[in-house]
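*Asks:* In the numbering used here, the protein residues as written are 56 to 278.
Here it is as structure tokens:
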């Protein structure tokens, strides 16, 4: 036991708890899929983080990921910004979602590549918190999952999200600049729903125009 009373495992105990052989555990260690154990003389002690990692590896292998791909994902996972950085500005309307790596893989239906994971980290959609991944917004996560189920690749979803982010930042700045110029001292939190209503209405009208154009005879999708 460690000082916090958390369970620690010797090599054979950890392998048994994870449902793998000692040989497999050592192979994962050689591939650097596991962080180093705590050593006490010649005895290696592992903890619940190691067990969680082994279960994640097993789950990802069952979902068709290769060991090479899992190694890259684990490296990206460890290098990602932590949840404190992601939530530096606490969302007032969005609900963060905690996921295990295998839950993330399930949600994105095999689209969790190293490149996509790194891009999601870069955009600030994802962050790490111990053995978990945190997505910044339940709504954005649900939309991403729905688009992927419609056949849109995750890479395309992330690219679209990046472009939307640029326009959203510009719209937020426009609203705040307008209020600062014409209504200084106004309660911006109280007026925030007005900005959202304008954006939602304009987007709805724009979608109406584009969909109507697509329905015109001879129209080509994407024009």
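Glycine residues also receive a C-beta, built at the ideal position from the N, C-alpha and C atoms.
Since we're looking at a predicted model, the values are computed, not measured.
Under 7 Å Cβ to Cβ from residue 77, same chain only, skipping five residues before and after it: list those, please.
*Replies:* Walking along the chain shown from the start, residue 77 turns up at place 22. Around residue 77: 66, 67 and 70.
*Asks:* Which value, in whole angstroms, describes the spacing of the CA atoms of residue 201 and residue 95?
*Replies:* Residue 201 sits at position 146 when you count from the first residue of the chain shown. Residue 95 sits at position 40 when you count from the first residue of the chain shown. Answer to the nearest angstrom: the Cα atoms are 49 Å apart.
*Asks:* In angstroms, rounded to a whole number, what distance separates the CA positions of residue 59 and residue 121?
*Replies:* Counting from 1 along the chain shown, the entry for residue 59 is found at position 4. Counting from 1 along the chain shown, the entry for residue 121 is found at position 66. Its pLDDT being 44, under 50, residue 59 is placed unreliably by the model, and nothing is read from it.
*Asks:* On the three-state DSSP scale, how would you describe residue 112?
*Replies:* Here the question's residue 112 lines up with position 57 in the chain shown. Helix.
*Asks:* Can you look up residue 57 in the DSSP assignment and give me helix, strand or coil?
*Replies:* Your numbering for residue 57 matches position 2 in the chain shown. Residue confidence for residue 57 is low, a pLDDT of 45 falling below 50, so the modelled location carries little weight; the figure read from the coordinates is stated next. In the displayed model, residue 57 falls within coil according to three-state DSSP, outside both helix and strand.
*Asks:* Under three-state DSSP, which class holds residue 98?
*Replies:* Translated into positions along the chain shown, residue 98 becomes position 43. In this structure, residue 98 counts as strand in the three-state DSSP scheme.
*Asks:* For residue 188, write down the residues that DSSP places opposite it in a beta bridge.
*Replies:* If you number the chain shown from 1, residue 188 lands on position 133. Paired residue(s): 154 and 183.
*Asks:* Just the Cα atoms here: how many angstroms apart are residue 205 and residue 257?
*Replies:* Start at 1 with the first residue of the chain shown, and residue 205 comes out as number 150. Start at 1 with the first residue of the chain shown, and residue 257 comes out as number 202. Rounded to whole angstroms, residue 205 to residue 257 spans 25 Å at the Cα level.
*Asks:* Go through the stretch 182-266 residue by residue and report every complete run of the alpha helix (DSSP H) that reaches 4 residues or more, in order.
*Replies:* 193-204 and 209-237
*Asks:* Would residue 158 pass as a contact of residue 191 if the rule is Cβ separation under 8 Å?
*Replies:* If you number the chain shown from 1, residue 158 lands on position 103. If you number the chain shown from 1, residue 191 lands on position 136. Cβ atoms of residue 158 and residue 191: not closer than 8 Å.
*Asks:* Check whether the stretch 173-190 and the stretch 102-114 touch, using three or more Cβ-Cβ pairs below 8 Å as the test.
*Replies:* yes
*Asks:* Measuring alpha carbon to alpha carbon, tell me which residue in 87, 260 and 154 is nearest residue 124.
*Replies:* On the chain shown, position 69 is the one that residue 124 refers to. The residue with the shortest Cα to Cα distance from residue 124 is 87.
*Asks:* Alpha carbon to alpha carbon, how far is residue 216 from residue 97?
*Replies:* Position 161 of the chain shown, counted from the first residue, corresponds to residue 216. Position 42 of the chain shown, counted from the first residue, corresponds to residue 97. Looking at the two C-alpha atoms, the distance is approximately 50 Å.
*Asks:* Assuming residue 153 and residue 189 make a contact with CB atoms under 8 Å, what is their CB distance in whole Å?
*Replies:* In the chain shown, the residue the question calls residue 153 occupies position 98. In the chain shown, the residue the question calls residue 189 occupies position 134. With 8 Å as the limit, residue 153 and residue 189 qualify as a contact, their Cβ atoms being about 6 Å apart.
*Asks:* Taking a contact to mean a Cβ-Cβ separation below 8 Å, would you say residue 155 touches residue 126 in this structure?
*Replies:* The residue you call residue 155 lines up with position 100 of the chain shown. The residue you call residue 126 lines up with position 71 of the chain shown. No, the pair does not count as a contact, with Cβ atoms beyond the cut-off.
*Asks:* Let's test the definition: count the other Cβ atoms within 10 Å of the Cβ of residue 131 and tell me whether it reaches 16, buried, or not, exposed.
*Replies:* Numbered from its first residue, the chain shown carries residue 131 at position 76. Buried is the call here.
*Asks:* What span of residues does the alpha helix (DSSP H) with residue 177 cover, start to end?
*Replies:* In the chain shown, residue 177 corresponds to position 122, counting from 1. Counting along the chain, residue 177 sits inside the alpha helix (DSSP H) bounded by residues 169-178.
*Asks:* Taking all protein chains shown into account, do 16 or more other C-beta atoms lie within 10 angstroms of the C-beta of residue 160, making it buried, or fewer, making it exposed?
*Replies:* By 1-based counting over the chain shown, the position of residue 160 is 105. Residue 160 is buried by the Cβ-count criterion.
*Asks:* Give the secondary structure of residue 84 by DSSP, where H, G and I count as helix, E and B as strand, and everything else as coil.
*Replies:* Here residue 84 corresponds to residue number 29 of the chain shown, with the count starting at 1. In this structure, residue 84 counts as helix in the three-state DSSP scheme.
*Asks:* Let me check one thing: in DSSP terms, what residues is residue 93 bridge-paired to?
*Replies:* Sequence index remark: in the chain shown, residue 93 carries index 38 (1-based). Partner(s): 100.
*Asks:* Around the C-beta of residue 172, are 16 or more other C-beta atoms found within 10 angstroms, so that it is buried, or is it exposed?
*Replies:* Taking the chain shown and counting its residues from 1, one reaches residue 172 at position 117. The residue is buried, with at least 16 neighbouring Cβ atoms inside 10 Å.
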